[in-house]
Structure formats: C-alpha cells, structure tokens
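Asker:
There are 2 protein chains.
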Amino acid sequence: MSVDRDQVLRSAAAQLTRKGSSTLDEVAKASGISRATLHRHFAGRDALVRALEDLGLKECELALDAARLGEGSAQDALRRLIKEIEPAAGLLAFLVTENQLFEGDDRHEGWSRIDDRMAELFRRGQESGEFRIDLSTAWLTDALYGLVGAAAWAVLDGRVAAKDFSYMIAELLIGGAQRRVES
Amino acid sequence: MSVDRDQVLRSAAAQLTRKGSSTLDEVAKASGISRATLHRHFAGRDALVRALEDLGLKECELALDAARLGEGSAQDALRRLIKEIEPAAGLLAFLVTENQLFEGDDRHEGWSRIDDRMAELFRRGQESGEFRIDLSTAWLTDALYGLVGAAAWAVLDGRVAAKDFSYMIAELLIGGAQRRVES
DNA sequence: TGCGCATGAGACGAATTTGTCTCACGTGGT
DNA sequence: ACCACGTGAGACAAATTCGTCTCATGCGCA
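First to last, the protein sequences are chains L and A. Here the numbering used here runs 849 ahead of the position in the first sequence, where the first position is 1. Here the numbering used here runs 849 ahead of the position in the second sequence, where the first position is 1.
Take a look at the structure:
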C-alpha cells in the first residue's frame, strides 16, 4: 500500500532523463502514482531533485565502497567500480544533465568527495605506471561520468545490450579503441 | 543593428546548457537581446530548440566534411574529426542533454546520417585492423558523443584547459587510459 | 463489521511563463 | 531632412504549472 520511495525516485529519474521538462504530473504517472501522492512524499520539484541527488550520491558512495578501490591493480579496481556503479547509471545519467545542481557554487559537497575518490584511483594508477600521465585525473574522472551516462542512454535506447554495459565502458576507458597487436 | 542569428543561437545554447529550464527572458538576456526580439526571430521555445538542432546538425556535417574521414588512417581521420568538431562542442553538449528531440521516433533524420558517417569511420578502422572489433561501432559513436559533451562541460567548468580539448578526447578514445610500455 | 490510513481524483487560486500587442527610440539609407 | 526598419521596453491576456485543499475509495487489521 505504502509507496516505495526508492522505486518512485528511480521511475522519476527515468522520466526526467527522457524529458527534463516533465511536469510533476508526468513524473507521477511515470511512477504509477498520483500527483497528490508524489507531492505528499516530496514537497515540490526542488525537493524531488534533491532526493534524486541524495539517492545518486548514496549509491555512488556504496559503489565506491564495494569496489574497494585500494585493493589490487588500479585497472582491476576501475573495472570493479564500473561494475558496481551500473545500478546507479540511470540515476547518474539524469544527474549529470541536471547542471542546475551545480548552480551558484553551492554544489553538494558529497560530489566533491566522490570526485576525489575517483581521482585518487586514477592517481594511484598513474603512480604505479598503469595509467598514462598525460591525461589528467580530473579529465579521466569526467570522462568516466560521460561514458557512464552515454552507456546508460545507449542501453535505454537499445543500441547497446545491457549485459555489455560495464565491459564497453571499462574496455574503452582503460584500453581505448586502438587495437593492440600484442596483448 | 540586425541581430546575428548564429550568435544568438550560440548564446542561447550556452545559457540552456547551464540551465535547461531557462526562461525565454533569461535566454534573451544571455544573448544580449530583448525577449521581443528573440521572439521575432524564433516563434517560440520549440522553434528555438529546433533552430539549435539545425545549427548543430549543420556544424556536425561541416566537421565531418572537413575531416575527410575517408583519407589516411582511421586514427588520423578520427583525430581530425574531433578537432573539427570542437567548435560545435558547446552546441552538442546541449543537444545531447535535450532528449526531447528524440521523443516519439520523429528524431531528425539528419542525426541518423551523422551517426552513420561516424559509425562508418569506426567500421573502416575495424576492417583495417586499427580498431578493436569487440567494441561495437554504435557504442564507439555514442562514446564519442559522450566524451565530447563531458569535455565541453569540463572546459566550461575550468577543469580542463580549452587547448587540451581535442587531445584529451582523441587520446582517451583511441588509446585509452592504459599506459603502453612501448609506443 | 468497523476503524485507521494511505492513496486517487479532482477542484481551486496563485505564480510563472508564454505569445502578442503597442509605442518610442535609434540607426542607416534615400 | 525624412523615412524605413529593426529593436527595447513594457503591458496584457491566455496557458501552463504548482501548491494546497477536500472528499471518496480501497486495503489492511483488530
């Protein structure tokens, strides 16, 4: 009977990813609930977006924890991270397009912490000699976000099979498109 | 006296990239014109977005032409493409987030043609042995869009120097993050 | 059966945005 | 000097969306 808050948020993210200017009524219908109920759980559009941000933030933190970025090679850690972050890809695809969250320098500090943890992984890989040093850790972090968003969108649109999600991202990010004659 | 239509569109794209829900009044002010004038040139919000799409489409076609994708190695052609597409990056960064354009299967056929040309480049690279075949051409195309958008945003936000734009994208897309002991 | 509770549906005014209009101003060309 | 034209500023109603409210329904539970 009671509404599943997380499920509503996921449906809302999917709807808002498809159409960023969706009406609250459209969001509610996409979540299978009425506008009144949506409004009972989230005070307004801002509150809804904030909740989406918090959920995405939480899932990213969990993915970062589960990936154990400090263990093993940086490459393997990155592969684990991409695999762990897959459930949050839909949410991230929306959040990265929601530049409104970054307006006014009051960006949620949580993202800085996540960025730092990712950049730290790339830095570790660079220091160990696994990753090239001519690509900045900031760019690699942004590129990871961009590829996750692109992959999520490609999957939603049927151009990439869902099962290939993490493979496609990890291989491109780590190895690039270039064919290497000797592995 | 007369308004520079393309300049207005670029300013509008920048404003809408920053805040997708910008008012027409905000868009107009960002372009340095009044709402009345904006409305004289573009019938409404839809018409404005359509014009932005057409401009982005045109610039992509021009970039594809200028890159001469059929000449030389696929790698070099891809590097040329990325360099040529840089001026349109801001526009693309907005358009890729404007999923509204893809609603209802009435997507502008022009994008299909562009996608095809890009996919053809990757296919050529795969057939020549330059690119790996385990990453589909559709994914490589989407990844290119995603990286261009991510890079445009990173530059706008000051995390990546504008002069590194094409290098960062090309190197990551072609060579990946992995360090290769022998070049 | 009867109660509690969350929800769905809809109405209502307020706020915002939009589309259209008018009018005055400034510039460029005749 | 005069006119044509594009523009800025603002007013105005229409349309849309939002926030809040009320009421009825359905389900679980005692």
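In this text, a Cβ means the ideal position worked out from N, Cα and C, and glycines have one as well. All of these numbers come straight from a predicted model, not from anything done at the bench.
(1) Taking the straight line between their C-alpha atoms, what separation do you get for A863/L and Q975/A?
(2) Counting only C-beta atoms, is M967/L closer than 8 Å to chain A at any point?
(3) So with CB distances below 8 Å, who are the chain A contacts of F980/L?
(4) From A1001/A to T866/L, what distance separates their C-alpha atoms?
(5) Looking at K932/A and S985/A, is the spacing between their C-beta atoms short of 8 Å?
(6) Between S870/A and chain L, is the shortest Cβ-Cβ distance under 8 Å, so that the two count as touching?
(7) For L911/A, which option in V857/A, I934/A, I882/A and R884/A has the closest C-alpha, if you only look at C-alpha atoms?
(8) Listing by chain order, which chain A residues have their CB less than 8 Å from the CB of I934/L?
(9) Any contact between the stretch 911-921 of chain L and the stretch 867-877 of chain L? By contact I mean 3 or more CB pairs, one from each, below 8 Å.
(10) Are the stretch 876-894 of chain A and the stretch 923-930 of chain A touching, with three or more C-beta to C-beta distances below 8 Å?
(11) Compare the C-beta of S1032/L with all C-beta atoms of chain A and state if any pair is closer than 8 Å.
(12) Which residues in chain L have a C-beta closer than 9 Å to the C-beta of E1020/A? List them in chain order.
(13) Suppose you measure from the CA of D853/A to the CA of T946/L; what does that come to, to the nearest Å?
(14) Would you kindly work out how many angstroms separate the C-alpha atoms of L944/A and L904/A, rounded to a whole number?
(15) Between the Cα of H890/L and the Cα atoms of S977/L, G1007/L, G959/L and L858/L, which residue gives the shortest distance?
(16) Is the Cβ of G998/A closer than 8 Å to any Cβ of chain L?
(17) Indicate whether at least one CB of chain L lies closer than 8 Å to the CB of D991/A.
(18) Throw me the rounded Cβ distance for the R1008/L and A987/A pair, which I believe falls under 8 Å.
(19) Go to E875/L, then tell me how far its alpha helix (DSSP H) extends in each direction, as first and last residue.
(20) Taking 8 Å as the limit between beta carbons, can you name the residues of its chain near L970/A, skipping five residues before and five after?
Answerer: Inspection of the coordinates gives the following:
(1) 34 Å
(2) no
(3) A1026, Q1027 and R1028
(4) 20 Å
(5) no
(6) yes
(7) I934/A
(8) The contacting residues do not exist; I934/L stays about 15 Å from chain A at best.
(9) no
(10) Taking 8 Å as the limit for Cβ pairs, the verdict is that the stretch 923-930 of chain A does not touch the stretch 876-894 of chain A.
(11) Note that S1032/L scores a pLDDT of 49, beneath 50, so its modelled location is shaky; the value from the coordinates is reported in the next line. Judged by the 8 Å Cβ criterion, S1032/L is not in contact with chain A.
(12) R981, D983, L984 and G1025
(13) 28 Å
(14) 10 Å
(15) When only C-alpha atoms are compared, the closest one is L858/L.
(16) yes
(17) yes
(18) Between R1008/L and A987/A the beta-carbon gap is near 5 Å, inside 8 Å, which marks them as a contact.
(19) For E875/L, the uninterrupted alpha helix (DSSP H) run begins and ends at L873 to A879, by DSSP.
(20) L918, A923, A926, L927 and L930
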